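Novice:
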Amino acid sequence: MAYSQEILHRAKVRLAQAKQAHEEEDAARISRIYREIPRLREIDLALRRTMAQVMAVTFQRGQDPAQAIVKIKEENLALQQERDWLLQANDLEEADLATTPICPICGGSGYIGARMCDCLKELCRQEQKNELTSLLGTRKESFDNFRLDYYSAEFDSRLGSSPRKLMELVFLDCQHYAKTFSLTSPSLFFIGATGLGKTFLSGCIARAVADRGFSVVYDTAVHVFSQFEAEKFGNFSQETHQSVQKYTLCDLLILDDLGTEMTTQLTISALYTLVNSRLSGGLPTIISTNLPVKEVESRYSAPIASRILGCYEVYKFYGQDIRMRPQD
Ligand SMILES: [Zn+2]
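For the sequence shown, my numbering begins at 382 and goes up steadily by one.
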């Protein structure tokens, strides 16, 4: 998963904090037991010294090491027995005095060799979801909340069907797309007038795909292009640079409301770069627009229009503006 540097950094910080908290918990539990049963601490210290004693005896001159080692072993055994007895008498288990790594697979480093451990992956997934929530705001886009009854069920002869029937197909396809999303999924192009649910369904896909562990960036065209612009003119911060990288490298980019920005030569070239680099990198993108197809071409040039219309799956949204009846 191509998580951004920021997401990875936040996930690593959380893992390090969790590891520290876990170690502190272990240490606090063990020292509490030692405080209550001081003899246990003495025994454990003595047992730990055993190895050093064995080494020392082995290298001591003028003495028979075997005899000394036997003596140490005997003492050791006596200590072990006393320790077992103390544990039993105080209703304690061996595990109560043991330290355990926060993750038994990677020990809390987050990696097994060069591969990311599932524990760090899970934190990345959570951080990605948090970031999406901050971009999507407090709206609760989910397929369960999508209201098909907002679309007219009346037969429309121009459509050869009803908006509700057609939107049901769009809805089912979007749901299937989110459920089966992978890096080989197609890119989608949502077309339709304002207020027909394009943003809502994009949000549903964003949340569901991020929930499955993919890096998803959702942003409006106005903001995406302003970041490209800032980078182009050099008045950018580290944050801008990271945003532009995220748009290019995330597993799924959702570019909402194309056409609402001030279209300039720069936005056209930014869109061209974005569409092309993601297509050639095999990374799916969802673009939504209120513009009619014809205007996509006249506004963004024929090469861009043909790239999008030729390589993306096009979905038309039907019906009347449903924003007067906001989704629950
Ligand atoms: Zn791990």
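Idealized CB from N, CA, C, for every residue including glycine.
Here the structure is a predicted model, which is why all the values come from computation and not from measurement.
(1) Rounded to a whole number of angstroms, what is the C-alpha to C-alpha distance between L428 and N457?
(2) Who does L636 pair with in a DSSP beta bridge?
(3) Only counting the same chain, and skipping five residues up and downstream in sequence, which positions put a Cβ closer than 8 angstroms to that of T641?
(4) L664 and L564 - do their beta-carbons sit closer together than 8 angstroms?
(5) With a CB to CB cut of under 6 angstroms and the five nearest residues on each side skipped, what residues in its chain are close to V394?
(6) Give the range of the alpha helix (DSSP H) segment to which K510 is assigned.
(7) Could you name the residues that DSSP lists as bridge partners for Y696?
(8) Tell me which same chain residues have a C-beta within less than 6 angstroms of the C-beta of D709, skipping the five on either side of it?
(9) Report yes or no: do the region 477-484 and the region 399-410 share at least 3 C-beta pairs separated by less than 8 angstroms?
(10) How long is the line joining the alpha carbons of K521 and L655, rounded to whole angstroms?
(11) Straight-line CA distance for S624 to M548?
(12) Is it true that the CB of V605 sits closer than 8 angstroms to the CB of L633?
(13) Do you know how far the Cα of F562 is from the Cα of A408?
(14) Please find out if some non-hydrogen atom of ligand 1 comes closer than 7 angstroms to the beta-carbon of L504.
(15) Given a threshold of 16 other Cβ atoms within 10 Å of its Cβ, counted over all protein chains shown, does E417 qualify as buried or as exposed?
(16) L715: which of F536, S533, C585 sits nearest, CA to CA?
(17) With respect to 7 angstroms, is the separation between the Cβ of C484 and the closest non-hydrogen atom of ligand 1 below this value?
(18) In angstroms with no decimal places, state the Cα-to-Cα distance between D530 and T648.
(19) Does DSSP put S490 in a helix, a strand or coil?
(20) Leaving out five residues before and five after P707 in sequence, what residues of the same chain have Cβ atoms less than 7 angstroms from its Cβ?
(21) Under the three-state reduction of DSSP, which class applies to R496: helix, strand or coil?
(22) Would V674 and L652 qualify as a contact pair, given that the criterion is a beta-carbon distance under 8 angstroms?
(23) Closer than 7 angstroms: is that where the CB of G491 sits relative to any heavy atom of ligand 1?
(24) Going by DSSP, name the residue or residues bridged to S542.
(25) Where S542 and G662 are concerned, what is the direct C-alpha to C-alpha distance, given to the nearest angstrom?
(26) What residue does the alpha helix (DSSP H) around L647 start on, and which one ends it?
Specialist: Taking the geometry as given:
(1) Locating residue 428 in the sequence shown gives position 47, counting from the first residue. Locating residue 457 in the sequence shown gives position 76, counting from the first residue. Those two C-alpha atoms are separated by around 7 angstroms.
(2) Within the sequence shown, numbered from 1, the residue matching residue 636 stands at position 255. L636 is bridged to D600, I668.
(3) The count along the sequence shown starts at 1 and reaches residue 641 at position 260. Excluding residues within five positions, the ones whose Cβ falls inside 8 angstroms are T601, A602, V603, N671.
(4) To locate residue 564, count along the sequence shown from 1; it is residue 183. To locate residue 664, count along the sequence shown from 1; it is residue 283. In this structure, L664 lies closer than 8 angstroms to L564 by Cβ.
(5) Within the sequence shown, numbered from 1, the residue matching residue 394 stands at position 13. Counting only Cβ-Cβ distances below 6 angstroms, and skipping sequence neighbours, we find nothing.
(6) On the sequence shown, position 129 is the one that residue 510 refers to. 499-517 is the span of the alpha helix (DSSP H), which, as asked, contains K510.
(7) Here residue 696 refers to the residue found at position 315 of the sequence shown. F571, per the DSSP bridge assignment.
(8) Residue numbering aside, residue 709 sits at position 328 when the sequence shown is read from its first letter. Because the pLDDT at D709 is just 34, under 50, the model does not fix this residue reliably, and the value given afterwards should be weighed accordingly. The residues are N526.
(9) yes
(10) Counting from one through the sequence shown, the residue named residue 521 turns up at place 140. Counting from one through the sequence shown, the residue named residue 655 turns up at place 274. Cα-Cα distance, rounded: 28 angstroms.
(11) One-based indexing of the sequence shown puts residue 624 at position 243. One-based indexing of the sequence shown puts residue 548 at position 167. Answer to the nearest angstrom: the Cα atoms are 33 angstroms apart.
(12) The residue you call residue 633 lines up with position 252 of the sequence shown. The residue you call residue 605 lines up with position 224 of the sequence shown. Not a contact, by the Cβ cut-off of 8 angstroms.
(13) In the sequence shown, residue 408 corresponds to position 27, counting from 1. In the sequence shown, residue 562 corresponds to position 181, counting from 1. So the alpha carbons of these two residues sit roughly 44 angstroms apart.
(14) Numbered from its first residue, the sequence shown carries residue 504 at position 123. No, since every heavy atom of ligand 1 falls outside the 7 angstroms radius drawn around the Cβ of L504.
(15) The sequence position of residue 417 within the sequence shown is 36, counting from 1. Flag for E417 reads exposed.
(16) Lying outside 382 to 709, the shown extent of the chain, residue 715 is not represented and no answer is given.
(17) Counting from 1 along the sequence shown, the entry for residue 484 is found at position 103. Correct: C484 has its Cβ closer than 7 angstroms to ligand 1.
(18) Within the sequence shown, the letter at position 149 stands for residue 530. Within the sequence shown, the letter at position 267 stands for residue 648. Taking the straight line joining both Cα atoms gives about 37 angstroms.
(19) By 1-based counting over the sequence shown, the position of residue 490 is 109. Three-state result, S490: coil.
(20) As a first step, residue 707 is located in the sequence shown; it is residue number 326 there, counting from the start. In this prediction, P707 has a pLDDT of 49, which is less than 50 and means its spatial position is unreliable; what the coordinates show is noted afterwards. For P707, where only same-chain residues beyond five positions count, there are no Cβ hits under 7 angstroms.
(21) Taking the first residue of the sequence shown as position 1, residue 496 is located at position 115. In this structure, R496 counts as strand in the three-state DSSP scheme.
(22) Numbered from 1 along the sequence shown, position 293 holds the residue referred to as residue 674. Numbered from 1 along the sequence shown, position 271 holds the residue referred to as residue 652. It is not a contact, given that the beta carbons lie outside the stated cut-off.
(23) Mapped onto the sequence shown, residue 491 falls at position 110. Checking every heavy atom of ligand 1 against the Cβ of G491, one is found closer than 7 angstroms.
(24) Numbered from 1 along the sequence shown, position 161 holds the residue referred to as residue 542. Paired residue(s): D537.
(25) By 1-based counting over the sequence shown, the position of residue 542 is 161. By 1-based counting over the sequence shown, the position of residue 662 is 281. One C-alpha to the other measures close to 38 angstroms.
(26) Taking the sequence shown and counting its residues from 1, one reaches residue 647 at position 266. Taken as a continuous stretch (DSSP letters only), the alpha helix (DSSP H) holding L647 covers 646-661.
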